[in-house]
Every structure is written in structure tokens, then in C-alpha cells.
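Enquirer: Going by my numbering, the letters in the sequence shown line up with residues 5 to 340, in that order.
All C-beta atoms, glycine included, are put in the ideal place defined by N, C-alpha and C.
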Amino acid sequence: MHGSNDLTLDGIERKHSNHLQDPAQALSLPSHLQDHTSWACRLQSSWGPHWKCEELVQGILNDSHTEWEAFRALFGVCKKMQLDLVGMSVVDIVDLETLRYFLDKSVPPVTEQSTESHCLDAILEQPSEVHITLRLPLLTLKQLEEVAKYSPAVPSPTHLAVWPHLGSAITKLQNLKRLRIWLDHTEKSSWSLINERALLSLFLPPSRITGLDISVSLPRLNPRYESSEKHFTDDTLPPPFTVQRRQRQLYFAERSVEGQIHVSRSPDFPSAVLSEVAEFWELPKELVMQREREAWRRGIDLEAEMAAVFSNPEPEYINDDVMWAVLDRGKREDEE
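(1) From the DSSP output, read off the bridge partner residues of residue 220.
(2) Can you tell me the Cα-Cα spacing of residue 289 and residue 195, whole angstroms?
(3) For the candidate residues 204, 263 and 239, whose alpha-carbon lies nearest to that of residue 221?
(4) Cα-Cα, which of 183, 227, 240 and 251 is closest to residue 218?
(5) Using the three-state DSSP reduction, which class does residue 240 fall into: helix, strand or coil?
(6) So the candidates are 187, 287 and 233; which of them puts its Cα closest to the Cα of residue 141?
(7) Helix or strand or just coil, what does DSSP make of residue 292?
(8) Can you tell me whether DSSP reads residue 302 as helix, strand or coil?
(9) Who are the Cβ neighbours of residue 232 in its own chain at under 6 angstroms, not counting the five residues just before and after it?
(10) Thinking just about the alpha-carbon of each residue, which of 332, 282, 325 and 283 is nearest to the one in residue 302?
(11) In angstroms with no decimal places, state the Cα-to-Cα distance between residue 334 and residue 311.
(12) Which residue comes first and which comes last in the beta strand (DSSP E) that contains residue 259?
(13) Could you tell me which of 48, 235, 197 and 108 sits nearest to residue 165, measuring between CA atoms?
(14) Would residue 255 be called buried (16 or more neighbouring beta carbons within 10 Å of its own) or exposed?
(15) Identify whether residue 214 lies in helix, strand or coil by the three-state DSSP scheme.
(16) What does the alpha-carbon distance come out to for the pair residue 330 and residue 249?
(17) Can the beta-carbon of residue 44 be found closer than 7 angstroms to that of residue 265?
(18) Could you spell out where the alpha helix (DSSP H) holding residue 142 opens and where it closes?
(19) Please classify residue 129: does DSSP put it in a helix, a strand, or coil?
(20) Could you check the C-alpha separation between residue 181 and residue 275 for me, to the nearest Å?
(21) Would you say the beta carbon of residue 131 is closer than 6 angstroms to some non-hydrogen atom of the ligand MN?
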């Protein structure tokens, strides 16, 4: 059921990038603020891991003769090229409004269409692969949880009503072979506050998605809040799709009351103190997570115990033996 995504996209990779148009320059900010503000803009991107694509699209909108012109030209080469493009294309969706448009897309009327328009319609109407990436406000995801529990017929705001239709809508896409979903919220709060089972109940029963390769990428669960009733955990029956767990974004941009933008680091799991321990002692993060998870299973708050060690006024008290004495409180029984 579960896998892990080892590709680390914690937000630091967005700090130094000259990819296309600099968002800070687009805001006409002073040069001494541009680097930090560019990073903040990228951290706030609702496109999640596709933040570079967002900048690419902005560049296309501001400069119509860029890569888009070359892409459009391919449609006019020949019919075989058109069919190849349709067969290879992946539909990427990064917001609920676009998802609604995609699911509502009907077969166009028989009218005179350009080759380009015809191919784009074909891609949208019968794609072979669809990627849905949603990085939404926490409140919106909580609302989607509630909407997903009820029949699509129950009235709800337009931008939310699309979600419960997704499960039935994808069954009508006869050429669809792969569906990739990436979910997160925009706040520092733990992902584990989300009821994953309610949110993704639209793919149940399993018979609804027979023959379709579905993979869902979700942030790692924090054992402090983990619940088999709300989350896809290793000790429960697997869902009818693959769950890939990944490290959540660590860096978040905030604007102060004075209007200044600053970036702060806010780990979810492993917890903040244990993340610092792992970095300072150069410990494998997987080991620290394993110990913290096992400690919580026993009702031990490993972060609080480690924080107490670091608060000791005598620096010589903090050494390898003391650190391991705390970490070993989270040893599994088969390690002891």
C-alpha cells in the first residue's frame, strides 16, 4: 500500500533559482529584497512541486512567442504527429476551478475547428494520464472532507462541488490509464489534522476504479496525531490505490503586521527538536523518525524529553550518551 518518495522538496530548493522570470523582479522590489522575496513567493505557490511550471506559465503569458509557439507548431505538422501528441500528453491540474472545467468538458459541437483546437480538445476529453496537484488552504481541505462524505447531489459551493464527482467522472475517461494525485495544505499545521479517509472516500468502493493505476502522494503522518480511523496507516487494510508518503514542505513564508515578508522553518515529522538533533549529530532521518514513532506508540513524548536535555544549563551535560539514552526510549522491541 505505502511507499515513500525520497525526493526531498522541503522548500530550500526554491531559494536559489534563476528559472525564467524572477517573481520578485515582477513585483519591482528593490534588489536587496529580491532574493528573499522570490523565495517567499515560491514557497507560497499553490502549484506545490510545480512552482517552476507556474513561473513558466507566467513567462508565457507575458511573452507569447516563447516555448508555447514551438509547442503549438507541432500540432500542424501532420495527422500522425497530432495523434502522437495526444497519446503522449499528460493533463496537469493545479486548482479546483480547472478540475471542474476538465470534468465538465463535453464533446465539442461539430463545427469548423483549427487543428490546434481539435488536438487540445482530444487531449482534454480522453487523456491517458492525469495529474491532480492541490495545495489548498487548510480550511478548504477540511470542507472537501465534509463534501466528500455526502452525495454529489447535496448542494455545496461551486469550487467544492467538483470533488465528490471526481470518482465517477474518471470512469468515463475510457483512455485513462494513470491518475496521480498530490495533496497538501498551505499552513504550518500538521498534515495529520486532515481526515485522509474522508477526503479520498470518492474512490470507494474499489470496483469503481478497477483497472486504473492510481497513486496518491501525501505528506508523512505525525504519530502524535495519527489515527487509523482518519489515516491510511500501515496497520490497516490497504486502500484500492497506492499511497506514497513524502516529507512535507519545511519552510513557510509569512508577512508580518508591518508588511515585511520572512521565511520560517516549521518541521512536522520528525518534530522540530528531533530534526535539529538529527542534523547536529548527522543521524539518518529515517532512524530518528522510527524512534519517535515507536515512542509515541508507547505513549512517550520523545520531543519533550529531548527538549528537556537541551534546556540543561550545563553544556557538558549534553553528549552522545545522553542523546542516545533519550533516543533509545523509542527503540523497537526487536532492537532491544
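Expert: Here's the rundown:
(1) DSSP, once it has assigned bridges, lists 185 and 247 as partnering residue 220.
(2) One C-alpha to the other measures close to 19 angstroms.
(3) Between residue 221 and the set 204, 263 and 239, the nearest pair of CA atoms involves 204.
(4) The shortest C-alpha separation from residue 218 is found at 183.
(5) Secondary structure of residue 240 (DSSP, three-state): coil.
(6) Distances from the alpha-carbon of residue 141 to those of 187, 287 and 233 put 187 closest.
(7) For residue 292, the secondary structure class from DSSP, reduced to helix, strand or coil, is helix.
(8) In the structure shown, residue 302 falls within a coil segment according to DSSP collapsed to helix, strand and coil.
(9) Non-local C-beta neighbours of residue 232 in its own chain, meaning closer than 6 angstroms and more than five positions away in sequence, comprise 240, ordered along the chain.
(10) Comparing C-alpha distances from residue 302 to each of 332, 282, 325 and 283 shows the shortest one belongs to 332.
(11) Residue 334 and residue 311: Cα-Cα distance of roughly 15 angstroms.
(12) Going by DSSP, residue 259 is part of the beta strand (DSSP E) stretching over 255-259.
(13) It is 108.
(14) Buried: at least 16 other Cβ atoms inside 10 Å.
(15) In the structure shown, the three-state DSSP call for residue 214 is coil.
(16) If you take the alpha carbons of residue 330 and residue 249, they lie about 26 angstroms apart.
(17) Yes.
(18) Its alpha helix (DSSP H) spans residues 142-153.
(19) Residue 129 falls in the helix class under three-state DSSP.
(20) Approximately 38 angstroms, taken between the alpha carbons.
(21) Looking at this structure, you won't find the ligand MN or any other ligand, since it has none at all.
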